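Quick notes on the structure that follows.
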Amino acid sequence: MNALADFYQNLGLALSLLVIATFVVAGMIKGVIGLGLPTVAMGLLGLAMAPSQAAALLIIPATLTNVWQLAFGGHLRGLVKRLWPMLVAIFLGTAFGTLWIGMAGGHWVVRGLGAALLLYALSGLFLPTLSVSRQHEPWLGPLCGVITGVITSATGVFVIPAVPYMQALGLSRDELVQALGLSFTVSTLALAGGLLWRGSLGGAELSASLLALIPAVLGMLLGQWLRQRISAVLFKRVFFIGLGALGAHLLISG
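Residues in the sequence shown are numbered from 471 upward in steps of one, following the working numbering.
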């Protein structure tokens with residue numbers, strides 16, 4: 471408890487309020503469209519703190535909300551059987567990236583985070599619906615997994631290119647939501663292992679991350695309520711535009 475108090479005291483009131491507001495917003499977006507919590511959290515927190523510190527804060531909210539997402543749908547066994555090469559590659563790519571580059575800090579890490587956010591936003595706004603045939607999955611899945619893992623280890627963002635790849639597999643809506651939860655869970659656990667190995671994830675960070683779960687869950691419940699009352703397509707478009715602007719700001723300002 472003292473470590474948790476010291477953690478937020480070191481952040482200061484303004485940053486602590488930013489953490490709370492960030493996870494409410496990130497949770498709300500995930501509640502509406504089924505993804506975006508770690509991406510939004512990394513982007514907004516990256517404005518005011520080191521990416522490694524932001525990544526440590528999102529570990530527990532991201533893990534638990536993604537497990538929540540993957541647990542329902544009834545397709546888990548089939549998805550694991552189909553996606554396991556990509557999932558293993560994500561884990562190995564994150565481990566390799568942690569040893570190779572990691573999230574050590576510096577302007578280039580912030581710019582890398584901005585580039586990842588901008589690329590994801592542009593793919594969401596302009597990338598046409600792609601299709602991946604079953605015969606290409608054995609090599610394309612692991613390739614996307616390794617690239618996703620390396621990007622995850624450097625920026626804390628684990629959506630590129632895994633999300634466009636899974637969207638191109640022709641999964642049903644329920645299968646896709648569950649597949650995203652599965653992929654994000656593996657990515658989050660791999661990222662946590664990398665942060666732990668580098669000494670960026672200790673008791674204080676885990677306690678602070680656990681506390682961040684409260685606004686994240688409240689945001690998700692709000693998002694699920696909003697989903698019934700707004701256009702998901704319009705919301706997703708606004709989300710990608712905002713994410714692109716945030717990514718461009720981080721990329722330029724560093």
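Glycine residues also receive a C-beta, built at the ideal position from the N, C-alpha and C atoms. Note that the structure is predicted; figures quoted are calculated from it, not measured.
- By the neighbour-count criterion, in which a residue is buried when 16 or more other Cβ atoms sit within 10 angstroms of its Cβ, K500 is buried.
- Where T625 is concerned, the enclosing alpha helix (DSSP H) starts and stops at 607–625.
- Put simply, of A565, L587, A660, V494 the residue whose alpha carbon is nearest the alpha carbon of M512 is L587.
- In the assembly as shown, V708 is an exposed residue. Its beta-carbon has fewer than 16 other beta-carbons within 10 Å.
- By the neighbour-count criterion, in which a residue is buried when 16 or more other Cβ atoms sit within 10 angstroms of its Cβ, S677 is buried.
- Within the model, the alpha-carbon separation for T509 versus P555 is close to 23 angstroms.
- A direct Cα-Cα distance of roughly 7 angstroms separates V647 from Q539.
- The alpha-carbon of I711 is positioned some 33 angstroms away from that of L569.
- Ranked by how close their Cα comes to the Cα of M498, the residues L720, A702, G717, S723 have A702 in first place.
- Assignment of M519 by DSSP, reduced to helix, strand and coil, places it in the coil class.
- Counting the other CB atoms within 10 Å of its CB gives H606 a total below 16, which places it among the exposed residues.
- Pairing A624 with R604, the inter-Cα distance amounts to about 30 angstroms.
- In the DSSP annotation of this structure, the continuous segment of the alpha helix (DSSP H) that includes T655 starts and ends at 643–667.
- Shown here for M636: same chain residues with a beta carbon closer than 6 angstroms to its own, the five before and five after excluded, namely A649 in chain order.
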